[in-house]
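Reading through the structure tokens given below for one structure.
4 protein chains.
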Amino acid sequence: MTELTDLAARSDSTLDGALGFELLEASEDRVTGRFDVTDAVRQPMGIVHGGAYAAMAETMASATTYMHVHGDGNIAVGQSNQTSFLRPVTEGTVHGDGRRRHRGRTSWIWEIDFTDDAGRLCAISRVTMAVRPAPE
Amino acid sequence: MTELTDLAARSDSTLDGALGFELLEASEDRVTGRFDVTDAVRQPMGIVHGGAYAAMAETMASATTYMHVHGDGNIAVGQSNQTSFLRPVTEGTVHGDGRRRHRGRTSWIWEIDFTDDAGRLCAISRVTMAVRPAPE
Amino acid sequence: MTELTDLAARSDSTLDGALGFELLEASEDRVTGRFDVTDAVRQPMGIVHGGAYAAMAETMASATTYMHVHGDGNIAVGQSNQTSFLRPVTEGTVHGDGRRRHRGRTSWIWEIDFTDDAGRLCAISRVTMAVRPAPE
Amino acid sequence: MTELTDLAARSDSTLDGALGFELLEASEDRVTGRFDVTDAVRQPMGIVHGGAYAAMAETMASATTYMHVHGDGNIAVGQSNQTSFLRPVTEGTVHGDGRRRHRGRTSWIWEIDFTDDAGRLCAISRVTMAVRPAPE
Chain A
5 MTELTDLAAR SDSTLDGALG FELLEASEDR VTGRFDVTDA VRQPMGIVHG
55 GAYAAMAETM ASATTYMHVH GDGNIAVGQS NQTSFLRPVT EGTVHGDGRR
105 RHRGRTSWIW EIDFTDDAGR LCAISRVTMA VRPAPE
Chain B
5 MTELTDLAAR SDSTLDGALG FELLEASEDR VTGRFDVTDA VRQPMGIVHG
55 GAYAAMAETM ASATTYMHVH GDGNIAVGQS NQTSFLRPVT EGTVHGDGRR
105 RHRGRTSWIW EIDFTDDAGR LCAISRVTMA VRPAPE
Chain C
5 MTELTDLAAR SDSTLDGALG FELLEASEDR VTGRFDVTDA VRQPMGIVHG
55 GAYAAMAETM ASATTYMHVH GDGNIAVGQS NQTSFLRPVT EGTVHGDGRR
105 RHRGRTSWIW EIDFTDDAGR LCAISRVTMA VRPAPE
Chain D
5 MTELTDLAAR SDSTLDGALG FELLEASEDR VTGRFDVTDA VRQPMGIVHG
55 GAYAAMAETM ASATTYMHVH GDGNIAVGQS NQTSFLRPVT EGTVHGDGRR
105 RHRGRTSWIW EIDFTDDAGR LCAISRVTMA VRPAPE
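Chains as they are written, first to last, in the numbering used here: chain A, 5 to 140; chain B, 5 to 140; chain C, 5 to 140; chain D, 5 to 140.
Below you can see the structure in the form of structure tokens.
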């Protein structure tokens, strides 16, 4: 199984690295992560860019689904991402907590809650991953 | 009116800058932009990260809505972002082309198509912007 | 406050009545309801029509939001509905259980889980309600 | 190929019949339909129920995808439905006009615009259909 540390090593030079995303736990039905509110995740008004939540949700759902299907010769591919923004965040750390809502043969669905340092809900995401046979 | 060049200057140190997003045209009912496929927008497998499309859609919808409502003392705040991923992209440039589907008093809705250099549809987004009075 | 029984009386000749929707509990942060699997909610293949889940989610979120904002002179209007379909249902009763995820001044967000008689998750919905001043 | 008239015959006693949905054209990349604004599609306030648009979009996408994949031994199953509501409608006819945005091996995506008799946009839907081998 691909370990979180392997993924982290590979992620340094990717979007995850550019935005400072950190994956904490990635079990089969739960995934957690966080990112610090630096300029790299802000939009011009100084609040966290909506795309940062959407991207973090995508990273969380993709990484954990991939880790649990690739042992069977499958890959996980993002199919859709629906993120709603509830409360602006300007500083501190954003905490993501996701749980798997569906595990089908061809798709997994995750829902991720994002909270600020005070535990207030800031954004919610639903991510659908397609599970497909790995290319030869 | 805030000009594209002003926004660009302010965007250098933000998520837009970190991911290399470029806004091209931002009229009242059309918005276009693009980003190059560098490592900063890739996920670990080498394809464009789904969050890059979602974030670019958010940037495009936010910037152009903001530019057209703030003259009336309003701001534009992202409310929801629904992005579907159709085709993986590994290199070249991703081109975004958005049109406004709804202009209400309190919300604007944009739909953005993303294509690769060959003109193939790669992702589609629907972004809902809330329009609110600017804080004092 | 508008009572569930008032809403039910008014609902007999509406979509809710046509599809057999029943509202059970509608508190400020929780809403439950159900509908029997009759032909009126099936599609031609004999399974529950995806639109039945979406419509029931809309009814649940609208009714309970309306009941809790109209005392302040506001109305609740559906803004968006995102429903994912997880498992086909052919008979029995579909049970909806919703909780409020966001209560803002201008929007409320509900997430509703639908299960079959065996408690298996069949569909999930996220509904955004716009809260607006009631027309004079 | 299953004909529209066959589907219509089978639809009389289903949700489509209960809500008065009518399918007009269903080609491989375009689908149109309509429904009259009767009490069966209204919510208690007298406007068209949001679920009616979502359900009609589901019917349109499902029927036309099914018609074009079942010759190859496949079926089409609704996977997700995202509908945004733009303008209330109280009477007349609602007209749906959909176009296919994606045709993959395992999923098709449709976007449907709904207009009133004056041609004003009332709702927009994005429906993702999963294409799967027909059960034996």
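For every residue, glycine included, the Cβ atom is placed at its ideal position computed from N, Cα and C.
| task | Grab me the residues of residue 68 of chain D's own chain with a C-beta within less than 6 Å of its C-beta, minus the 5 sequence neighbours each way, in chain order. | result | 30 and 35
| query | With burial defined as no fewer than 16 other Cβ atoms inside 10 Å of the residue's Cβ, what is the status of residue 46 of chain A: buried or exposed? | reply | buried
| message | When you measure from the CB of residue 52 of chain A to every non-hydrogen atom of the ligand PLP, does any distance come out below 7 Å? | response | For the ligand PLP, the structure offers nothing, since it holds no ligand at all.
| said: Extract the residue ranges of the alpha helix (DSSP H) inside the stretch 50-112 of chain C, only unbroken runs of 4 or more that lie entirely within it. | reply: 54-73
| said: Along the chain, where does the alpha helix (DSSP H) containing residue 138 of chain B start, and where does it finish? | reply: DSSP places residue 138 of chain B outside any alpha helix (DSSP H), giving it a letter other than H or E.
| request: Let me know the secondary structure DSSP gives residue 144 of chain A once reduced to three states. | output: The requested residue 144 of chain A is not part of the displayed model; chain A covers only 5 to 140.
| request: Give the secondary structure of residue 21 of chain C by DSSP, where H, G and I count as helix, E and B as strand, and everything else as coil. | output: helix
| said: For a contact defined as C-beta to C-beta under 7 Å, what are the partners of residue 46 of chain B on chain A? | reply: 18 and 19
| field | Distance between residue 140 of chain C and residue 133 of chain D (C-alpha atoms, nearest Å) | value | 43 Å
| request: Would you check if there are 3 or more beta carbon pairs closer than 8 Å linking the stretch 76-85 of chain B to the stretch 42-56 of chain B? | output: no
| Which residue from A:122, A:28, A:137 and A:138 puts its Cα closest to that of residue 63 of chain A? | For the residues A:122, A:28, A:137 and A:138, the minimum Cα distance to residue 63 of chain A belongs to A:28.
| query | Do residue 58 of chain C and residue 18 of chain C have their C-beta atoms within less than 8 Å of each other? | reply | no
| task | Determine the DSSP secondary structure at residue 129 of chain C, reduced to helix, strand or coil. | result | strand
| message | Would residue 94 of chain D pass as an interface residue toward chain C - the criterion being a Cβ-Cβ separation below 8 Å? | response | no
| said: Taking the straight line between their C-alpha atoms, what separation do you get for residue 33 of chain D and residue 73 of chain D? | reply: 12 Å
| message | For chain A, check one thing: does any of its Cβ atoms lie closer than 8 Å to the Cβ of residue 84 of chain D? | response | yes
| What does residue 74 of chain C reach in chain D if we use C-beta pairs closer than 8 Å? | What residue 74 of chain C touches in chain D: nothing, since even the nearest Cβ is about 11 Å away.
| Pick from A:91, A:40, A:118 and A:66 that is closest to residue 136 of chain A, judged by C-alpha positions | A:66
| query | Checking contacts by CB at 8 Å: is residue 23 of chain B closer than that to chain D? | reply | no
| At least 3 beta-carbon pairs within less than 8 Å: the stretch 84-103 of chain A vs the stretch 114-122 of chain A | yes
| query | Roughly how many whole angstroms lie between the Cα atoms of residue 26 of chain C and residue 39 of chain C? | reply | Computed Cα separation, rounded: 6 Å.
| query | Hey, out of C:96, C:60 and C:83, whose CA is closest to residue 123 of chain C's CA? | reply | C:96
| said: Please report whether the beta-carbon of residue 36 of chain C lies at a distance below 8 Å from any beta-carbon of chain B. | reply: no
| query | At least one CB of chain D closer than 8 Å to the CB of residue 110 of chain C: is that the case? | reply | no
| task | Determine whether the Cβ of residue 90 of chain C lies closer than 8 Å to any Cβ atom of chain A. | result | At least one chain A Cβ lies under 8 Å of residue 90 of chain C.
| task | With a 10 Å radius around its C-beta and 16 neighbouring C-beta atoms as the bar for buried, classify residue 16 of chain C as buried or exposed. | result | exposed
| query | Which bits of chain A does residue 132 of chain D rub up against, with CB to CB less than 9 Å? | reply | 83, 84 and 132
| request: Check whether the Cβ atoms of residue 61 of chain C and residue 129 of chain C sit closer than 8 Å, and answer yes or no. | output: yes
| task | Spatial neighbours of residue 44 of chain A within its chain, please: CB distance less than 7 Å, with the 5 preceding and 5 following residues excluded, ordered by chain position. | result | 22, 23 and 24
| 8 Å Cβ cutoff, residue 5 of chain D in contact with chain C | The predicted position of residue 5 of chain D is uncertain, since its pLDDT is 43 and thus under 50; a value taken from the coordinates is nonetheless stated next. Residue 5 of chain D does not count as touching chain C.
| query | Which residues in the same chain as residue 84 of chain C place their Cβ atom closer than 7 Å to its Cβ, once the five residues preceding and following it in sequence are excluded? | reply | 132
| task | Assign residue 104 of chain A to buried or exposed, taking buried as 16 or more other Cβ atoms, counted over all protein chains shown, within 10 Å of its Cβ. | result | Its Cβ being crowded by 16 or more others within 10 Å, residue 104 of chain A is buried.
| Relative to the C-alpha of residue 89 of chain D, which residue among B:20, B:90, B:108 and B:89 is closest? | B:108
| message | Check whether chain D comes within 8 Å of residue 124 of chain B, counting only Cβ atoms and requiring the distance to be less than that. | response | Chain D contact via Cβ: absent.
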